[in-house]
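Some notes on the structure that comes next.
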Amino acid sequence: MVSKKDKKKQRRTGKVKASEQRLVMRDDDWNITKLSPTEVVEAIRSGDKIITRAAARMQTQNEATEIVYREKLYEAGIIDALLHFLSMCEGPFASVDLSINSNQRIFTPCHWVHLLNTMTKINLGKGRFNMQIVNNLGPLIKCMCDTKKRELFESKAQWYGSLDSFVRILGNVMQDADAGGVLLKIDGVFDMLLQCIFIKDCRLDIVKEMKQAEYELAPDFDDGGVLNKIAENAQTLIFQMNHEHRGVRGVRSFTNDDGKYFKAMATTPIISSTTNGFCSTTPFVHLIAQKLKKNEKETRGFCLGTLMMLAQATKNEGTTDKEVIINVMNFALNSVGSFEDAMLITMTIFSILQPRTGVFTKVSDTRVAAAISSGLLELCIDFAVRYGEHTDPHPNTEDHMITNLWHLASSAHVTALHKRSFKAINGRRSSIQKALSDLVTGKNMYFPAGDQMDRSSVASTSENTFSIGWENKYPGRNARCSEIIQSVKAALFLSTTSCCQCLKTIRNSAVKRCSNCQRTVYCSRECQVNHWKTGGHKWDCKQMAIANALTVKGDRKKDIEKAYELEGNIIVACNKLVLENITRILVQAKHQKFDILDCIVLVELNHQLPFVKVKLATDSVLKEVDIELERFDCNRSNGNLTCVYKSYVFNGEAEESRHSCHDWAITQLVQTFPASVASHGSWKKAQDEVQDTVSTGSSLLSALLAEVGLGNSNEPA
């Protein structure tokens, strides 16, 4: 029994211990249908806590009887009664005129909110009161959305006791599109819902207060149960709202309104408070990405789906940044187990790295580099191994996991020569090489032993074209797994810094760059001198120094510097390809019965594998590769070979009229190889010495392997 002294204290403070509150509750679970609807509404108007609570928790043996009884409660004016009281929630509870005694009144306000939640369920009231509720719910929303003050009827106890039901009311009302639209325009509602998702993780002050027994007004309260329910309900509601703004499925053509909605969501500051009251804010998108660290089965699908739509709808403008990419990649590498998880994570990463702009895709060197630094290429290898033979029930859809994985590997390949991605790949070179070597030695992989890096494998046997690649004979139902590994190897190869003279791999710290053109790199002063005298650099250096071959829109210093560095990386990679494959180039020219000096050698990096084409330098071909006839004639008359390098490049600010599937331009760089590079100091003599073995297939491969000294190399890429 509660003493008179304690009763006076309860009336004065408006608080009661949970154990005493539950003792009272045990005796009031009786059938409310014993009373007429009019009597129930009148009891609620008088502030009767027992009747109010019983109405909120009403359960009958017959569902049809319950529906009829609830309908009579609507007709008796129960909604009007509740809204009348809740409209006064900004003031003290003592100011509300009630006829019931104070011992009953003390629990009543939060039960008004519980009852309103019950009466707004869409399957009960048919939603016909939703607009009325929205128009009169302003004071309650103002109180409940103030997570700093946290008072309802000037009582923290009532605020905590009402929080779960308040979130449910928002969800019930928002099932009505018209009422939901009006509700979201009320200041604080949207922010409150986003805050509730992280209420247990970020609001330690609320967690601390809610654990105190004097605030335990919910009958089924436990330390984390109520907060978990609040977070789950808020998450469900946000998921429904995201679904309504998801765009057209399959095309994901988000409207401007969709973009504004997701932009507002991503940038909403979520409050984090410690138990001592210290507060800070973090953007919603960062917290969603951080939430993946917990790897909670109930939330990871929501987090990944939300991040995917945020990236697509906002085109990553001010939303998914480096921090988000790192958190998503860490989750992908450490927590993904099932094929369904792998499919969702690849879709999410693909959306973040390549958000669609209309029907095209925009690739960002900065984003791809952040993903590579966090293990993107290792992820591509791992997933190709683990899920390559999985039969997807929808193999032709754009959501197919292996297809998305192929796009991710292609992103790294496309950006491999660009500043940030180039640096990122080199930073993880050892890890990537280890992952590739495991394909050979791993017993549990479906890729067989014998995968070899073979720079002389011939992937194309056309008369004037061959590819520089790695022979892959991977079995399995999905051929794209082989292409994924090829893209990873190509990216690794292209990002290698090699001396333009001796082809020796150089560490970044030891690179010596030509001081005039700033494009070519060397391992030593001797190599730089030799490249000038015998390697052909004196033919190209001056022209590269006075003009940038890459078209840069505008004159931003940053874009120009990136273009210079990119051009140098392209030249270094392609020079290496040409010098390593001189024999094959001569074979292709001889097979077509062309004089090698009458041809141009076109190296194309804008494919999954680098392609080398030997073409007769007709006027149309020279125009196609954008070489002046005078320059080609000068090279030919001096006995020099002309090479053209073609690659994707960054084009400064994005052009409006882009026809490529990537937001990149294609550049063509000209390089000269003098006769001193060829055997006997003459391209003509070198061509006469080689044999036309194009038609012999495997014999050509063996001859070329012996020619370049690779033999049966098992060196992993």
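At position 466 of the sequence shown the residue is numbered 466 (the UniProt record's numbering), and the sequence of numbers has no breaks. No residue lacks a Cβ here, since even glycine has one placed at the ideal position from N, Cα and C.
In or out: residue i buried (at least 16 other Cβ within 10 Å) or exposed?
| i | result |
| --- | --- |
| Ser-525 | Ser is not the amino acid found at residue 525; the sequence shown has Arg there. Exposed: under 16 other Cβ atoms inside 10 Å. |
| His-531 | buried |
| His-111 | buried |
| Arg-584 | buried |
| Cys-196 | buried |
| Arg-22 | Low confidence applies here, because Arg-22 scores a pLDDT of 35, under 50, leaving its location unreliable; read the following figure in that light. Under this definition Arg-22 is an exposed residue. |
| Lys-646 | buried |
| residue 783 | With the chain running from 1 to 717 in the structure shown, residue 783 is simply not present. |
| Arg-128 | exposed |
| Ser-338 | exposed |
| Cys-629 | First, the residue type needs correcting, since residue 629 is Leu and not Cys in the sequence shown. Per the 10 Å Cβ criterion, exposed. |
| Ala-213 | Interpretation of Ala-213 is limited by its pLDDT of 46, a score under 50 that renders its predicted location unreliable; no figure is taken from the coordinates. |
| Glu-567 | buried |
| Ser-36 | exposed |
| Lys-434 | exposed |
| Thr-397 | At Thr-397 the pLDDT is 47, less than 50, meaning the model places this residue with poor confidence and gives no usable figure here. |
| Gly-250 | Caution is warranted here: a pLDDT of 44 is assigned to Gly-250, below 50, making its placement in the model unreliable, and no coordinate value can be reported. |
| Cys-661 | Confidence in Cys-661 is poor, its pLDDT being 38 and thus under 50, which makes the residue's placement unreliable; the coordinate value appears in the next sentence. Classification for Cys-661: exposed. |
| Lys-623 | exposed |
Do residue j and residue i have their beta-carbon atoms positioned less than 9 Å apart in this structure?
| i | j | result |
| --- | --- | --- |
| Met-131 | Ala-179 | yes |
| Thr-534 | Val-324 | no |
| Cys-574 | Leu-669 | yes |
| Ile-381 | Ile-506 | no |
| Leu-641 | Phe-673 | yes |
| Ile-345 | Ala-332 | yes |
| Ile-288 | Ile-372 | no |
| Val-167 | Leu-86 | no |
| Lys-294 | Asn-330 | no |
| Gln-691 | Lys-590 | yes |
| Gly-47 | Val-96 | yes |
| Ala-369 | Ser-431 | no |
What are the boundary residues of the beta strand (DSSP E) that includes residue i?
| i | result |
| --- | --- |
| Ser-280 | 279-283 |
| Pro-269 | 269-273 |
Compare the C-alpha of residue i against each of the options and name the closest.
| i | options | result |
| --- | --- | --- |
| Asp-187 | Leu-170, Val-226, Cys-145 | Cys-145 |
| Val-385 | Ser-637, Ser-437, Ala-311 | Ser-437 |
| Val-587 | Lys-684, Leu-439, Ala-43 | Lys-684 |
| Cys-517 | Phe-493, Gln-543, Glu-244, Thr-147 | Gln-543 |
| Thr-306 | His-400, Lys-200, Leu-194, Asn-334 | Leu-194 |
| Cys-527 | Thr-496, Lys-512, Leu-304 | Lys-512 |
| Ser-280 | His-286, Leu-287, Ile-271 | Ile-271 |
| His-114 | Glu-151, Arg-57, Leu-35 | Arg-57 |
| Val-328 | Gln-312, Cys-303, Ser-338, Met-309 | Cys-303 |
| Asp-595 | Lys-562, Lys-615, Glu-580, Leu-577 | Lys-615 |
| Pro-139 | Pro-92, Asn-172, Glu-378 | Pro-92 |
| Val-134 | Arg-150, Arg-429, Asn-117, Thr-33 | Asn-117 |
| Val-41 | Val-68, Ala-76, Ser-410 | Ala-76 |
| Asp-321 | Lys-489, Ser-495, Phe-278, Ala-266 | Ala-266 |
| Phe-284 | Arg-631, Glu-689, Phe-198, Glu-232 | Phe-198 |
| Phe-190 | Ala-157, Ile-141, Asn-404 | Ile-141 |
| Asp-598 | Asn-635, Thr-314, His-286 | Asn-635 |
| Thr-120 | Tyr-74, Glu-151, Ser-155, Ala-94 | Tyr-74 |
| Thr-319 | Ala-81, Ser-273, Gln-175, Arg-367 | Arg-367 |
| Trp-539 | Thr-415, Gln-671, Arg-429, Cys-523 | Gln-671 |
| Arg-480 | Ser-421, Lys-419, Ser-430, Thr-403 | Thr-403 |
Grab the span of the alpha helix (DSSP H) containing residue i for me, first residue to last.
| i | result |
| --- | --- |
| Cys-517 | Segment: none, Cys-517 is in no alpha helix (DSSP H) and carries neither H nor E. |
| Cys-634 | 629-637 |
| Glu-332 | This sequence places Ala at residue 332; Glu is not what is there. It spans 322-335 - the alpha helix (DSSP H) in which Ala-332 sits, taken as one unbroken run. |
| Ser-346 | The sequence as given places Thr at residue 346; Ser does not occur at that position. Where Thr-346 is concerned, the enclosing alpha helix (DSSP H) stretches over 339-353. |
| Phe-129 | Taken as a continuous stretch (DSSP letters only), Phe-129 belongs to no alpha helix (DSSP H), as it is neither H nor E. |
| Glu-42 | 37-46 |
| Glu-66 | 63-75 |
| Glu-298 | 297-314 |
| Glu-378 | 376-387 |
Provide the residue(s) that pair with residue i in DSSP beta bridges, ordered along the chain.
| i | result |
| --- | --- |
| Glu-604 | Phe-611, Lys-646 |
| Lys-512 | Tyr-522 |
| Arg-203 | Ser-273 |
| Gln-671 | Cys-643 |
| Ser-498 | Thr-505 |
| Cys-574 | BP columns for Cys-574 are empty, so no partner. |
| Cys-599 | Leu-616 |
| Leu-152 | Ser-155 |
Any heavy atom of the ligand FMN closer than 8 Å to the Cβ of residue i?
| i | result |
| --- | --- |
| Gln-691 | As presented, the structure is devoid of all ligands, the ligand FMN included, so that no description of it is given. |
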